[in-house]
Each structure stands twice: as structure tokens, then as C-alpha cells.
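Student: What follows is a single structure, and I will ask about it in a moment.
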Amino acid sequence: MSTKDFIEKDYYKVLGVPKDATEAEIKKAYRKLAREFHPDANKGNAKAEERFKEISEANDVLGDPKKRKEYDEARALFGNGGFRPGPGAGGGSFNFDLSDLFGGQAAGQSAGGGFGGGLGDVFGGLFNRGGAGTTRTQPRRGQDIESEVTLSFTEAIEGATVPLRMSSQAACKACSGTGDKNGTPRVCPTCVGTGQVARGSGGGFSLTDPCPDCKGRGLIAEDPCDVCKGSGRAKSSRTMQVRIPAGVSDGQRIRLRGKGAPGERGGPAGDLYVVVHVGTHPVFGRKGDNLTVTVPVTYPEAALGGEIRVPTLGGPPVTLKLPPGTPNGRTMRARGKGAVRKDGTRGDLLVTVEVSVPKDLSGKARDALEAYREATAGEDPRAELFQAAKGA
Numbered sequence: 003m004s005t006k007d008f009i010e011k012d013y014y015k016v017l018g019v020p021k022d023a024t025e026a027e028i029k030k031a032y033r034k035l036a037r038e039f040h041p042d043a044n045k046g047n048a049k050a051e052e053r054f055k056e057i058s059e060a061n062d063v064l065g066d067p068k069k070r071k072e073y074d075e076a077r078a079l080f081g082n083g084g085f086r087p088g089p090g091a092g093g094g095s096f097n098f099d100l101s102d103l104f105g106g107q108a109a110g111q112s113a114g115g116g117f118g119g120g121l122g123d124v125f126g127g128l129f130n131r132g133g134a135g136t137t138r139t140q141p142r143r144g145q146d147i148e149s150e151v152t153l154s155f156t157e158a159i160e161g162a163t164v165p166l167r168m169s170s171q172a173a174c175k176a177c178s179g180t181g182d183k184n185g186t187p188r189v190c191p192t193c194v195g196t197g198q199v200a201r202g203s204g205g206g207f208s209l210t211d212p213c214p215d216c217k218g219r220g221l222i223a224e225d226p227c228d229v230c231k232g233s234g235r236a237k238s239s240r241t242m243q244v245r246i247p248a249g250v251s252d253g254q255r256i257r258l259r260g261k262g263a264p265g266e267r268g269g270p271a272g273d274l275y276v277v278v279h280v281g282t283h284p285v286f287g288r289k290g291d292n293l294t295v296t297v298p299v300t301y302p303e304a305a306l307g308g309e310i311r312v313p314t315l316g317g318p319p320v321t322l323k324l325p326p327g328t329p330n331g332r333t334m335r336a337r338g339k340g341a342v343r344k345d346g347t348r349g350d351l352l353v354t355v356e357v358s359v360p361k362d363l364s365g366k367a368r369d370a371l372e373a374y375r376e377a378t379a380g381e382d383p384r385a386e387l388f389q390a391a392k393g394a
């Protein structure tokens, strides 16, 4: 979170709650918005993904009583992104540098004047920065990793544990992540170990950027490591056994928290995102949580009715009752024989009937059909079709 974001973003507005909202109201608003804009429910929607990030960021601050108190105190100093001078400030311009708030007193001010050092504590908790003169380097979160896996149709329906070989940036083993051959890097003099430097943005404001000299690490290697070239990070490969839940669909993106690249200086690991590709099946298809199958039936079965056996995926066949006069293309349902849903229940198996026309007929079968044709010679199944065509 940058200083600029902190000043300009109204987290109460992001969650749609008043400033005096209770913790329960904030939690309720966050859960409602998170369900609505979650990436899994808005696949391919970049705006929804960005909105979800904003909601999560707002909840991270307002959902924590300590952070919320610090946020409210800091916001009280600002109007619409500008400093609100107290009485007696007059109508003249009032320029200041935000680094004064973080680092204590501005240059040229006496020990008894100015803003003092207390405001650094207000901002410190939200920006993970200490007060004036701090040289403590901050933990850094590991990178997120994205990988792909291809499952068979059956594995996607039933779930599977698959090995994933991943490459990511981790702490360099040669220098134990210090970036220095001797393991004794020095504190960066430019940012004094914070990993950030202030830059002017006009109007007297000062924003923060990663330090260009230490690349945001807060440390500089006196004798850079030959493997990582002083970065403290090196390419690392590892194989993980990842459990893919039952019922995943083709193209689904699964997030595994904390399974990404390791963090730096005690920081948390990133997340692992697995994109799932699902193969086809020679018999079954899929429509949402339901499986589909096309079953051929004979003309007598369709006309006279009867019972037909239908295969299921990974289970015993089921028997369905075919009503007399079943038309070609009719779909019946075998409940609970489909894909696994998120709540653990199963969808259905949708069985579509396809009347099979024999290519070769025995003499007896041909005689029987000829007799049937003579018995139904007066019926014209296309009569209504022509009548409707004339009336249109």
C-alpha cells in the first residue's frame, strides 16, 4: 500500500458502510461483496478482479480494529487528499512533505515546533514502517506462481492428486539469502534500510517508491554473491503433490494459499495458482454439474416402451424406464450420477435417447416391417407440417 493510495482511497466507501459501522456490519458488507466479485464467479472479468482486490484491501484495514484506528486518525488529518490546516493558517498556501510525518520533524524546524515524531507511529502500522531513524529492514512476501495441469475427464470429476514441478525465486542457498558472499550485507544508506525513498509529486506532497539502489531490499552487498549477483534470490525448482478437488471444470483457476515462492526476511510465501485443463471422454460429456450421455434405443423400445440400462462414470449401470412413444432426442435424468458440486453433493446424469435405425435387416425383420407399413398406411406424420406451412 503506497502513501498515495492511503490518502486517496476511502475504504468505507469501497465497502459501502458508514464511518461508524460496527465490526459485524463491516464483515457482513465484505462477505457480500467478496462473493459477488470473486474471480471464480467472474472468470475473465478484469474489472471484477480489480474490484475484488479493492474490497480485500479495504477489509484488511477496516476489519482490523488497530489498523482501522490508525487509518481513522490519519484520515482525520486530510480532507479530499489535502492537508487541513488548523485555525490561524490563513488563506495562503501551505506546502509540506509527507516524509516529515513519517520521519519526524521537517528540516529547519525547532525541536518544540512542527508536527513532532508521533505521526510516524500512526502511519507506521499501515505502511509497515518504523518511526524516525529506523534501520529495520522489512519482511517481503514471496511471489505468486502460476502453473498448469492436465487431467483426464474422470480425474476432473472424481478429484486427483498430481505432482507439479515449479520454478520460482527463493532465498539464495549460496549466501543464505543475504546477497553477500560473506553473509554480511550493509544497510542501504539511501533508504536507511527501509527499502523505500520519497519522491516529490508537486504541491509539496511526497510519495514513496522502492529504493533504486537496493531494489527495495534495504540491504546492499559489499561483496555480491556470484550466484544471485547480490539480489539474495536465486532460481529454485521443487516438486509438490497438489490435490485437485473433485468437480473442477476445464479452464478453472485454483488458488492455493501460501504454496507460492518463499518470502524474504521472514515474510509470508506467495500463492500458487493452478490452471486446470480437462481432457474429453469417449462416452460422457459435461454440462455444468451434470454429465451427459447419448444412448441408442431400438424402434420397438421407443414405440412400445421398456427398460434400458445406462452406463455411469465410475459406477454400476442404472436402469431407466422408457415410456411408450418416446421420441428421438428425448432427455431423461438419472439423479445423483453427475459431477461433484462444491457442497459435496452430485449433479445428475442427463440421458438423451437416440433411436437406432438398423442398416441390415433379416428376412423376418423385413417382413415384420412391411406388415407394420401396411397397417399404418393411412397415417401421414408430415400432414401437420404441410398444413402449418400453408398457414404461415
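At position 8 of the sequence shown (counting the first as 1) the number is 10 in my numbering, and the numbers step up by one without a gap. Don't be surprised by glycine CBs; every beta carbon is placed ideally from N, CA and C. The structure presented is a predicted model; accordingly, all values stated were derived computationally and were not measured.
(1) Can you give me the Cβ contacts of Gln-254 inside the same chain, cut-off strictly under 7 Å, excluding the 5 residues immediately before and after it?
(2) Can you give the Cα-Cα distance for Lys-339 and Val-164, rounded to whole angstroms?
(3) On a Cα-Cα basis, can you pick out the residue from Lys-366, Val-199, Gly-346 that is closest to Ala-248?
(4) For Pro-325 versus Gly-307, is the C-beta spacing smaller than 7 Å?
(5) For Val-299, report the span of its beta strand (DSSP E) as first-last.
(6) Between the Cα of Ser-58 and those of Asp-42, Pro-360, Leu-35, spot the shortest distance and give me the residue it belongs to.
(7) Is there contact between the region 180-196 and the region 288-295, where contact requires at least three CB pairs shorter than 8 Å?
(8) Would you mind working out which of Tyr-301, Lys-323, Ala-173 sits nearest Ile-310, comparing C-alpha positions?
(9) Put Arg-348 into one of helix, strand or coil per three-state DSSP.
(10) Under 7 Å, do Glu-56 and Pro-41 count as touching if we go by C-beta distance?
(11) Find out if the Cβ-Cβ distance for the pair Ala-236, Val-244 is shorter than 7 Å.
(12) For Gly-218 versus Pro-226, is the C-beta distance shorter than 7 Å?
(13) Please check the pair Leu-351 and Ala-336, which I expect to be a contact at CB under 8 Å, by giving their CB distance rounded to whole angstroms.
(14) Just grab the DSSP bridge partners of Ile-159 for me.
(15) Going along the chain, which residues of its own chain have a beta-carbon closer than 7 Å to the beta-carbon of Gly-316, five neighbours each way excluded?
(16) Based on Cα-Cα distance, which residue from Ser-251, Thr-354, Tyr-14 lies nearest to Pro-298?
(17) Do Gly-197 and Cys-213 count as a contact pair if the criterion is CB distance below 7 Å?
(18) Measure the Cβ-Cβ separation of Ser-149 and Val-276 and say whether it is below 7 Å.
(19) If Leu-153 and Gly-281 are in contact, beta carbons under 8 Å, what's the gap, nearest whole angstrom?
(20) Can you list, in chain order, the residues of its chain with a C-beta nearer than 6 Å to that of Val-16? Leave out the 5 residues immediately preceding and following it.
(21) Determine the contact status of Leu-274 and Gly-262, defining contact as a CB-CB distance below 7 Å.
(22) What number of angstroms, rounded off, separates the C-alpha of Thr-328 from the C-alpha of Val-320?
(23) Extract the residue ranges of the beta strand (DSSP E) inside the region 23-60, only unbroken runs of 3 or more that lie entirely within it.
(24) Which partner residues of His-279 appear in the DSSP bridge assignment?
(25) Would you list the one or two residues that DSSP bridges to Ala-200?
(26) For Ala-336, which beta-bridge partners are listed by DSSP?
(27) When DSSP labels each residue in this structure, what does Gly-116 get in the three-state scheme?
(28) At the level of alpha carbons, what is the spacing between Thr-192 and Arg-201?
Tutor: Concretely, from the data shown:
(1) For the purposes of this step, residue 254 is taken as the residue at position 252 of the sequence shown. Only Val-278 meet the Cβ criterion.
(2) To locate residue 339, count along the sequence shown from 1; it is residue 337. To locate residue 164, count along the sequence shown from 1; it is residue 162. The alpha-carbon atoms of Lys-339 and Val-164 are separated by roughly 25 Å.
(3) Here residue 248 corresponds to residue number 246 of the sequence shown, with the count starting at 1. For Ala-248, the closest C-alpha among the options Lys-366, Val-199, Gly-346 is that of Gly-346.
(4) Position 323 of the sequence shown, counting from 1, holds the residue named residue 325. Position 305 of the sequence shown, counting from 1, holds the residue named residue 307. Yes. Within cutoff.
(5) Translated into the one-based positions of the sequence shown, residue 299 becomes position 297. Looking at the DSSP string, the run of the beta strand (DSSP E) that includes Val-299 is 292-299.
(6) If you number the sequence shown from 1, residue 58 lands on position 56. Comparing alpha carbon positions, the residue from Asp-42, Pro-360, Leu-35 closest to Ser-58 is Leu-35.
(7) The region 180-196 makes no contact with the region 288-295: fewer than 3 CB pairs, one atom from each, lie closer than 8 Å.
(8) Here residue 310 is taken as the residue at index 308 of the sequence shown, counted from 1. The candidate whose alpha carbon is nearest that of Ile-310 is Lys-323.
(9) Here residue 348 refers to the residue found at position 346 of the sequence shown. If DSSP states are grouped into helix, strand and coil, Arg-348 belongs with the strands.
(10) Position 54 of the sequence shown, counted from the first residue, corresponds to residue 56. Position 39 of the sequence shown, counted from the first residue, corresponds to residue 41. Note that the C-beta distance between Glu-56 and Pro-41 is not below 7 Å.
(11) Your numbering for residue 236 matches position 234 in the sequence shown. Your numbering for residue 244 matches position 242 in the sequence shown. Taking 7 Å as the Cβ cut-off, Ala-236 and Val-244 do not qualify as a contacting pair.
(12) In the sequence shown, counting from the first residue as 1, residue 218 sits at position 216. In the sequence shown, counting from the first residue as 1, residue 226 sits at position 224. No, Cβ-Cβ distance for Gly-218 and Pro-226 is not below 7 Å.
(13) Locating residue 351 in the sequence shown gives position 349, where the first residue counts as 1. Locating residue 336 in the sequence shown gives position 334, where the first residue counts as 1. Beta-carbon to beta-carbon, Leu-351 and Ala-336 are separated by about 4 Å, close enough to satisfy the 8 Å threshold.
(14) Taking the sequence shown and counting its residues from 1, the one referred to as residue 159 is at position 157. Per DSSP, none; premise fails for Ile-159.
(15) The count along the sequence shown starts at 1 and reaches residue 316 at position 314. Hits under 7 Å: Thr-156, Glu-160.
(16) Taking the sequence shown and counting its residues from 1, one reaches residue 298 at position 296. With distances taken between Cα atoms, Pro-298 lies closest to Thr-354.
(17) Here residue 213 refers to the residue found at position 211 when the sequence shown is read from its first residue. Here residue 197 refers to the residue found at position 195 when the sequence shown is read from its first residue. Closer than 7 Å, so yes.
(18) Position 147 of the sequence shown, counted from the first residue, corresponds to residue 149. Position 274 of the sequence shown, counted from the first residue, corresponds to residue 276. Against a cut-off of 7 Å, the Cβ pair of Val-276 and Ser-149 comes out as a contact.
(19) Here residue 153 refers to the residue found at position 151 when the sequence shown is read from its first residue. Here residue 281 refers to the residue found at position 279 when the sequence shown is read from its first residue. In this structure Leu-153 touches Gly-281 by the C-beta definition: roughly 7 Å separates them, less than 8 Å.
(20) Taking the first residue of the sequence shown as position 1, residue 16 is located at position 14. Cβ contact annotation for Val-16 (same chain, cutoff 6 Å, sequence separation greater than five): Glu-56, Ala-60, in chain order.
(21) Residue mapping note: residue 274 aligns to position 272 of the sequence shown, counting from 1. Residue mapping note: residue 262 aligns to position 260 of the sequence shown, counting from 1. Yes, they are a contact pair.
(22) In the sequence shown, the residue the question calls residue 328 occupies position 326. In the sequence shown, the residue the question calls residue 320 occupies position 318. Taken atom to atom, the span from the alpha-carbon of Thr-328 to that of Val-320 is near 18 Å.
(23) Unbroken beta strand (DSSP E) stretches of 3 residues or longer found wholly inside the region 23-60: none.
(24) Residue mapping note: residue 279 aligns to position 277 of the sequence shown, counting from 1. For His-279, which the question treats as bridged, DSSP gives the partners Thr-152.
(25) Within the sequence shown, residue 200 is the residue found at index 198, counting from 1. DSSP, once it has assigned bridges, lists Thr-210 as partnering Ala-200.
(26) For this step, residue 336 is matched to residue 334 along the sequence shown. According to DSSP, Ala-336 shares a beta bridge with Leu-351.
(27) Position 114 of the sequence shown holds residue 116. Confidence in Gly-116 is poor, its pLDDT being 38 and thus under 50, which makes the residue's placement too unreliable to answer from.
(28) Residue 192 sits at position 190 when you count from the first residue of the sequence shown. Residue 201 sits at position 199 when you count from the first residue of the sequence shown. One alpha carbon belongs to Thr-192, the other to Arg-201, and they sit about 13 Å apart.
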